[in-house]
Amino acid sequence: MTARVCCSLTAVLLCLSVYLSTIDAQRRVITKPGVCPSNNLRYCVMSKSHCFHDSNCPDDQKCCNDGCGRQQCMAPYRAEKPGVCPSNNPRYCVMSKSHCFHDSNCPDDQKCCNDGCGRQHREARSVSKQQPRYCVMSKSNCFHDSNCPDDQKCCNDGCGRRQCMAPYRAEKPGVCPSNNLRYCVMSKSNCFHDSNCPDDQKCCNDGCGRQQCMAPYRAEKPGVCPMSFVGGVGFCPDLCSHDSDCPNYDKCCSSICGGRVCTPVHKV
């Protein structure tokens, strides 16, 4: 009898500690910084939610909707800092480890860049075209584009000389999605700049040191997708791809038949 009472008391105290950990001194639900990543699941499987509030999740993970009406702990979307990483083409790699995974891991305005051998903190290179403040004595090193290596062009440097320079490439709007690949496979980059990618896709780092064309990250609308049983028979097509395809406050949610449809959301 005494053991049963002790077990019951322990369970009550455990539940109370979990409840108290989800509220602050003003009795408000604690929300961790950052936003949930977008989810594009094509199929939903039966499972249960693993969290109810951000405080239920470890480290900086947030309690996010998985697109099937359940709440799961996920790493927050990390916005990319402005600017572009400097180009790196090392001939040889020595044993080194990555010192960052996202721009948010880097101090000030530095970016997390792939140096060809890992990911390191690097000063971002501006894409804006600036004229030199002062001219120094030097001579032209080209006369035509054919004198320049790779895709560089023979350009005027603003001081009356012609130099080989990488062409200015306009960056497409949007930011690259975050990538947390656990394993890397041998493959090569299929792009070098946004201009190499079709439609609105961007040339993004895949987390393994390669550049790949990827759809830009699209911010998720607030709210939670309900568990939908629409189209329970047969296969239904996708009527949307992202929340941005849906009107007003509707979200693009997965249905039980595999397709994605615009759906009114549950407010949290």
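Throughout the sequence shown, residue numbering follows mature numbering (1 follows the signal peptide of the UniProt record, and there is no 0), covering -25 to -1, 1 to 243 in sequence.
Glycine included, every Cβ here is placed at the ideal spot set by N, Cα and C.
* When we look at the beta-carbon of Asp34 and count the other beta-carbons within 10 Å, is it buried (16 or more) or exposed? -> The residue in question, Asp34, is exposed, as its Cβ has fewer than 16 Cβ neighbours within 10 Å.
* Kindly indicate which three-state DSSP category Ser162 falls into: helix, strand or coil? => Of the three classes helix, strand and coil, the one that applies to Ser162 here is coil, per DSSP.
* **Enclosing beta strand (DSSP E) for residue 258 [first to last residue]** => Residue 258 is absent from the model: the chain starts at -25 and stops at 243.
* Under the three-state DSSP convention, the category Asn180 falls into -> The three-state secondary structure of Asn180, taken from DSSP, is strand.
* To do: Compute the beta-carbon to beta-carbon distance between Ser229 and Gly42, rounded to the nearest angstrom, for a pair I have assumed lies under 8 angstroms.
  => Gly42 and Ser229 do touch by the CB rule: their CB atoms are close to 5 angstroms apart, below 8 angstroms.
* Per DSSP, which one or two residues make a beta bridge with Asn89? -> Asn89 is bridged to Arg94.
* Span separating the alpha-carbon of Arg100 from that of Asp78 -> Their Cα atoms are separated by approximately 14 angstroms.
* Asked: Helix, strand or coil: which one does DSSP assign to Asn223?
  -> Coil.
* To do: Leaving aside the five residues before and after Arg2 along the sequence, list all residues of the same chain whose C-beta is less than 8 angstroms from its C-beta, in chain order.
  => A caution first: Arg2 carries a pLDDT of 46, below 50, which makes its placement in the model too unreliable to give a value.
* **Neighbourhood of residue 248 by C-beta, 7 angstroms cutoff - its chain only, sequence neighbours within 5 removed** => No answer is possible for residue 248: the residues shown for the chain start at -25 and end at 243.
* Asked: Can you check whether the CB of Gly184 is closer than 7 angstroms to the CB of Cys211?
  -> No.
* To do: Identify every residue that forms a DSSP beta bridge with Tyr52.
  => Val10.
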